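Trainee: The following block contains the structure, expressed as structure tokens.
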Amino acid sequence: MGRYILRRMGFYLIAAWASLTLNFVIPRLAPGDPAAAMFARFEGKVAPEAMGALRAAFGFTDAPLYAQYFTYLKHLVQGDLGMSYAYFPARVSEVIGTGLMWTVGLAGVAVIISFVVGSFLGVLAAWNRGGWLDSGLAPALAFLGAFPYFWLAMLALYLFGFVLGWFPLRHAYGHDMEPGLSFAFAADVARHAVLPASSIVVATLGGWMLGMRNTMVATLGTDSIRLAHARGLPPRQVMLRYAARNALLPNVTSFGMAVGFVLSGSLLTEIVFSYPGTGYLLILAVRNQDYPLMQGLFLVITLAVLAANFAVDLICLWLDPRTRAHA
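The sequence shown maps to residues 549 to 875 in our numbering.
Following this line, the structure appears as structure tokens:
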């Protein structure tokens, strides 16, 4: 088992190195550089003598490419992702850290809720085939999931925010609120998160439920489940400990990929609600041609997906005895 973990870790380290290298190479293949774009943005108000300093600040120097690459890796090890010129003079790590906090709090919690609730509903629907969960709720959630999640977000915003006025229309908290560790601020943040989080949950719940339901139906027909019934085990124990545990593996694997959905910030949902997460930051970075910020966001998303998939491999190793036998 230890050898299996080391092999998987080696694979993900190589993938991480490849993503770091691509993140370094691609901006240098593009025409121009951030300093030139910033110079054009200020319409000549920046002295030409400052161009060299700006290019050095953004990591574009006349040094050989390999020297720039090792400098880039050195800065990454130190947690330095460069300087954002859309938020100049803020560091990219500071900007991403702020957006990441809001994205994990919103989309992260929403995806976890959707995964847990959807998987549990799928277990119940498969165990009680033909019931209202199986014949009514599952098709309804699949129908809602067929709509783009940003469309559901706009519908929720119009109905519950604009028409009924139950929830705020935009941002993560009210403009009259002072951020801090207080109950009033936490309640206001939760109220602002209800609509965007609900749109993500509704859009993804059907997929988790149907995936779990179909795998659970196949698992219930296996010899191990028949043997559990023949031994006279309680139905709840058979359903949860034997059937659901084995059927959960495909959903757990898909959950690792869903982390990419989380850290891309549920892009369009954040745009609809003007929510200050990583997805909204990515749109602003593209709009302002902020290459360092785009680099940092792509890098964080890639590394997070790799880390999540490695964690999923470890969870599957724990859940599935067959994996441990071949590890």
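Using N, Cα and C, we set each Cβ at its ideal position, and we do this for glycine too.
Quick caveat: nothing in here was measured; it's all calculated off a predicted structure.
Taking only the alpha-carbon atoms, compute the straight-line gap between L854 and A766 and give it to the nearest angstrom.
Mentor: By 1-based counting over the sequence shown, the position of residue 854 is 306. By 1-based counting over the sequence shown, the position of residue 766 is 218. Using only the alpha carbons, I get a separation of about 30 Å.
Trainee: Within its chain, find whatever has a CB closer than 7 Å to the CB of L845; leave out the 5 residues flanking it on each side and keep chain order.
Mentor: Within the sequence shown, numbered from 1, the residue matching residue 845 stands at position 297. I644, T826, L829, L830 and A833.
Trainee: With burial defined as no fewer than 16 other Cβ atoms inside 10 Å of the residue's Cβ, what is the status of D771: buried or exposed?
Mentor: Numbered from its first residue, the sequence shown carries residue 771 at position 223. The residue in question, D771, is exposed, as its Cβ has fewer than 16 Cβ neighbours within 10 Å.
Trainee: Assign M649 to one of three DSSP states: helix, strand, or coil.
Mentor: The sequence position of residue 649 within the sequence shown is 101, counting from 1. Note: M649 maps to helix in three-state DSSP.
Trainee: Which residue wins for smallest C-alpha separation from Y706, given the options G678, S747 and F668?
Mentor: Locating residue 706 in the sequence shown gives position 158, counting from the first residue. With distances taken between Cα atoms, Y706 lies closest to S747.
Trainee: Mind checking who R639 pairs with in its DSSP beta bridge?
Mentor: Translated into positions along the sequence shown, residue 639 becomes position 91. Its beta-bridge partners are M631.
Trainee: From Q843 to F636, what does the alpha carbon distance come to, in whole angstroms?
Mentor: For the purposes of this step, residue 843 is taken as the residue at position 295 of the sequence shown. For the purposes of this step, residue 636 is taken as the residue at position 88 of the sequence shown. Distance between the alpha carbons of Q843 and F636 is about 16 Å.
Trainee: Please report the distance separating the alpha-carbon of A776 from that of A792.
Mentor: Along the sequence shown, one-based indexing puts residue 776 at 228. Along the sequence shown, one-based indexing puts residue 792 at 244. Between A776 and A792, the C-alpha separation is close to 13 Å.
Trainee: Report yes if the C-beta distance between S632 and W756 is below 8 Å; otherwise report no.
Mentor: Position 84 of the sequence shown, counting from 1, holds the residue named residue 632. Position 208 of the sequence shown, counting from 1, holds the residue named residue 756. No.
Trainee: Give me the Cα-Cα distance between I863 and S802, rounded to the nearest whole angstrom.
Mentor: Your numbering for residue 863 matches position 315 in the sequence shown. Your numbering for residue 802 matches position 254 in the sequence shown. Their Cα atoms are separated by approximately 12 Å.
Trainee: Might you give, ordered along the chain, the residues of its own chain that have their beta carbon closer than 6 Å to the beta carbon of T850, omitting 5 neighbours on each side?
Mentor: In the sequence shown, counting from the first residue as 1, residue 850 sits at position 302. Excluding residues within five positions, the ones whose Cβ falls inside 6 Å are S567.
Trainee: Leaving out five residues on either side along the sequence, give the residues of the same chain with a beta carbon under 8 Å from the beta carbon of I773.
Mentor: In the sequence shown, residue 773 corresponds to position 225, counting from 1. Cβ within range, chain order: T767, V786, Y790 and A791.
Trainee: F821 by DSSP, collapsed to three states: which one?
Mentor: Taking the sequence shown and counting its residues from 1, the one referred to as residue 821 is at position 273. Of the three classes helix, strand and coil, the one that applies to F821 here is coil, per DSSP.
Trainee: My output table needs one value for P840: the three-state DSSP class, helix, strand or coil.
Mentor: Mapped onto the sequence shown, residue 840 falls at position 292. The answer is helix: DSSP assigns P840 an H, G or I state.
Trainee: Can you have a look at R847 and say buried or exposed, based on whether 16 or more other CB atoms are within 10 angstroms of its CB?
Mentor: Here residue 847 refers to the residue found at position 299 of the sequence shown. It is Leu, not Arg, that sits at residue 847 in the sequence shown. Under this definition L847 is a buried residue.
Trainee: Got a sec, what are the start and stop residues for the alpha helix (DSSP H) Y828 sits in?
Mentor: Here residue 828 is taken as the residue at index 280 of the sequence shown, counted from 1. Per DSSP, Y828 belongs to the alpha helix (DSSP H) from T826 to R835.
Trainee: So is V671 buried or exposed if we call it buried at 16+ other beta carbons inside 10 Å?
Mentor: Here the question's residue 671 lines up with position 123 in the sequence shown. By the neighbour-count rule (16 or more Cβ atoms within 10 Å), V671 is buried.
Trainee: Drop a sphere of 10 angstroms on the beta-carbon of L613, count the other beta-carbons inside from all chains shown, and report buried for 16 or more, exposed for fewer.
Mentor: By 1-based counting over the sequence shown, the position of residue 613 is 65. Looking at its Cβ environment, which holds fewer than 16 other Cβ atoms inside 10 Å, L613 is exposed.
Trainee: Do you know how far the Cα of R639 is from the Cα of D628?
Mentor: By one-based count along the sequence shown, residue 628 stands at place 80. By one-based count along the sequence shown, residue 639 stands at place 91. Roughly 8 Å separates the two Cα atoms.
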